[in-house]
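Just below is one structure, and these are the notes that go with it.
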Amino acid sequence: MQKDGKKIPVAPKGDGEAPQDKVRTVSRRALITGAAATAGSVMTVGAARGLGIEQSSVDPTRVPGERPMEVGSRSPFETPEKQLSGSAGGSSRTPHHELHGILTPADLHFERHHHVIPQINPTQYRLLIHGMVDRPTLFTLGDLKRFPQVARLHFIECSGNGGAGSRTDANPRMSPQAMDGLLSTSEWSGVALATLFEEVGAHSDATWFLAEGSDAAVMSRSIPMEKAWDDAMIAYGQNGEAIRPEQGYPARLFLPGWEGNTSVKWVRRLELSDRPFMSREETSKYSDPIRGGKARLFSFVMDAKSLITYPVYPDRLTSPGFVEVSGYAWTGRGVIDRVEISADGGSTWADAALQEPVLPKCTTRFRYAWDWDGRPAHLMSRAIDETGYVQPTLEQITDVRGPGTRYHYNSIRGWRVNADGSVEFQPPV
Amino acid sequence: MRRLSRYGWRAQHLAAFASTLFAVWACGVNEGGSEDPGEPTLSWTDVGSSAARPPSGEVGRYGFGSPASAVDIAMWDIDISPDGAGLPPGGSTVTDGLKVYQKKCMACHGPTGTEGPFDVLAGRVPGDEFRFAEDRSLRSTVGSYWPFATTLFDYTRRAMPFDFPGSLSDEEVYGVVGAMLFLNGLLSEDAVVDSATVAEIIMPARDRFIPDDRTGGPKIR
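Keeping their order, the protein sequence lines are chains A and B. Using my numbering, you'd call the opening residue of the first sequence number 1304 and step up by one each time. Using my numbering, you'd call the opening residue of the second sequence number 12 and step up by one each time.
Structure, rendered in structure tokens:
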């Protein structure tokens, strides 16, 4: 959103640790130079004549514009960036506070890899389905595209998303990107996994399947067959184009509403079985320690969560008055029923407006008209989903799971608005 | 094509379903792979309405794709199950494994598996307590957290070492797995490591894992 037009968070660190936002200032001169370089030829400089425009600004009505290009690009004035982490496997975070609506531009989609990004020639791509099936089968990418297509809008969120914001000592100078950037929303197109499983003659007593990627980690997860019969897909399209290499090109498993790791990218093999395989990523990782000396296994579904994306750090409100508080809410259990906003640290709550479309297992944009009186305030959002689940506080989660629990960090986020208009992360007390 | 437009999946059904399956799986392992898993109380045909449909055999085949031969499958079928299924023949020793470890693993995981800089692999706590939920400073090592040694073989063979993934021979993997178990106090230094060792060893954390009990609704779990 970048309301002041100048502050752009960059240069991140840490995956799983508290990332740091670094704010750089882009000079107006740099922006103008960028525009000039793009125009590449004559510029007319307008004279001072009102409209609130500076003398040196270009008058676009006095100079021919640019010809269309085969591939478009952003305005040089818009420079949203993913925030990169230093993790060995590789990860990056979506700049929520610079986006509108619910769709994430594909080049700003978050990444969380287990051994960076493989380059796969689509002509060499094969999907093998075997195990408890009548007909072990190899599918080419072309084969997959011949089946009836499904296309849906869904969020995908890493279940480790939000860890840095789910600590009592969280860094207050943290943007939504640094805190919850491992969440993105796309239109995914592909073939229903049920179609493929029927095609190969899945055995009726198969209850799990292994999904395995062709990255250098050969990443693998066990998935209950129920999900295949419900809404799982093998996706090859993202926001209208081929899935990007970072998202699993040429094809990935996609499991709506489930922790991102289960949607295995670059999927090359599905093995049907009557029991889970107990891979490293579903035992030593992506399991959730809870009180009583236990850990949850196969905690697939992402519970309801919401995130304000304006006003947040590093925004600064310039004057009291109307402020549209905006953000998104999502749940892996269906649709968002409502979103509530508090401006007084959780003492009172009021309903936000939900912007259509409100789709299952998809982010829903919410808006709330707030009249800021210029005094310190404490903004929060909480999501309620169709099951009646209310997004909890960190304290509620810690009470039942323990302070050392890992993954599924969906507690209420809060933002302190200071009298000078600056905004800092501050969860409910 | 009813399924294609269906969104209303019911998570609580899945949770019950997964827990049934988990019990079946755990039962099978504990009883040495007993053939009779008992009657599941909830089968996939009970879950949902339009979503659950039995596989249709020849019905509805589009005819796309080509048959996968045993050779095709063998090239990619690398997973190892907790009962040891998939473990290759052969073996190694802890002594030889430590040599491989020093050469190919130590730079990332430290001389004794405790130093890092990457994942800490070794370490136990007194009484093998499992206090990860209470104490966030605890490191989930192989000896304190991993429920199965078969997973260690599977993961090491498919993904390690990080700079040359998949480059270890089966013998080297057996050795490194043995070294890991030794560094976690689970094998002696003169031990032989083979498929039986990896499949039969009871890891300290094996019974610490439970199915997901979150179901949506008002209760926070």
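We put the beta carbon where it would ideally sit given N, CA and C, even for glycine.
Taking only beta-carbon positions, decide if residue i is within less than 7 Å of chain B.
i	result
M1581(A)	yes
G1596(A)	yes
S1645(A)	no
M1599(A)	For the sequence presented, residue 1599(A) should be read as Arg rather than Met. R1599(A) counts as touching chain B.
Y1712(A)	no
V1703(A)	yes
R1277(A)	The first residue shown for chain A is 1304 and the last is 1732, placing residue 1277(A) beyond what the model contains.
H1416(A)	no
F1413(A)	no
Q1427(A)	no
Residue i to residue j, Cα distance in whole Å?
i	j	result
F1442(A)	R1571(A)	9 Å
D1534(A)	T162(B)	29 Å
L1402(A)	F1380(A)	14 Å
V1628(A)	G1649(A)	15 Å
T1612(A)	Q1427(A)	41 Å
D1647(A)	V1626(A)	15 Å
I1286(A)	Q1658(A)	Residue 1286(A) is absent from the model: chain A starts at 1304 and stops at 1732.
A160(B)	E1584(A)	14 Å
R1668(A)	A1632(A)	7 Å
P1475(A)	W1718(A)	9 Å
H1400(A)	D1618(A)	9 Å
T208(B)	Q1699(A)	43 Å
R1578(A)	P1706(A)	32 Å
K1588(A)	V1521(A)	15 Å
W1652(A)	S1645(A)	5 Å
L1430(A)	S1492(A)	17 Å
H1418(A)	D223(B)	27 Å
D1640(A)	N1424(A)	43 Å
A1519(A)	I1405(A)	32 Å
G134(B)	H120(B)	12 Å
A1598(A)	S155(B)	12 Å
G1637(A)	A1554(A)	25 Å
Report yes or no: is there a C-beta of chain A within less than 7 Å of the C-beta of residue i?
i	result
E145(B)	yes
P99(B)	no
F164(B)	no
S60(B)	Low confidence applies here, because S60(B) scores a pLDDT of 34, under 50, leaving its location unreliable and the question unanswered by this model.
L53(B)	With a pLDDT of only 30 at L53(B), under the threshold of 50, the placement of this residue in the model should not be trusted, and no figure is reported.
A79(B)	yes
R135(B)	no
I212(B)	no
A170(B)	yes
D90(B)	yes
Y156(B)	yes
R219(B)	yes
R72(B)	yes
G124(B)	no
Quick one: using the 10 Å Cβ neighbour count with 16 as the cut-off for buried, is residue i buried or exposed?
i	result
I1356(A)	exposed
Y112(B)	buried
L1354(A)	exposed
V82(B)	exposed
A1495(A)	buried
P1559(A)	buried
V187(B)	buried
T1341(A)	Legend: pLDDT at T1341(A) = 46, less than 50; position of this residue unreliable, no value from coordinates given.
F175(B)	exposed
Y73(B)	exposed
K114(B)	exposed
V1366(A)	exposed
D1674(A)	exposed
I1526(A)	buried
A1530(A)	Note on residue identity: the sequence assigns Lys, not Ala, to residue 1530(A). K1530(A) is buried by the Cβ-count criterion.
D201(B)	exposed
G1375(A)	exposed
P215(B)	buried
Q1422(A)	exposed
R1716(A)	buried
Throw me the rounded Cβ distance for the residue i and residue j pair, which I believe falls under 8 Å.
i	j	result
T1696(A)	S1714(A)	6 Å
G189(B)	S103(B)	6 Å
L1411(A)	K1385(A)	6 Å
V1720(A)	P1614(A)	7 Å
A144(B)	R1704(A)	6 Å
Taking only runs that begin and end inside the segment 176-210 of chain B, name each unbroken alpha helix (DSSP H) of 4 or more residues, in chain order. 181-194
Unbroken stretches of the beta strand (DSSP E), 3 residues or longer, contained in the segment 1344-1424 of chain A: 1394-1396
Kindly provide the ranges of any beta strand (DSSP E) runs that are 3 or more residues long and lie completely inside the segment 1534-1573 of chain A, ordered along the chain. 1536-1541 and 1555-1557
In the segment 1619-1698 of chain A, which residue ranges form an unbroken beta strand (DSSP E) of at least 3 residues, counting only runs that do not cross its ends? 1624-1633, 1639-1645, 1667-1675 and 1680-1688
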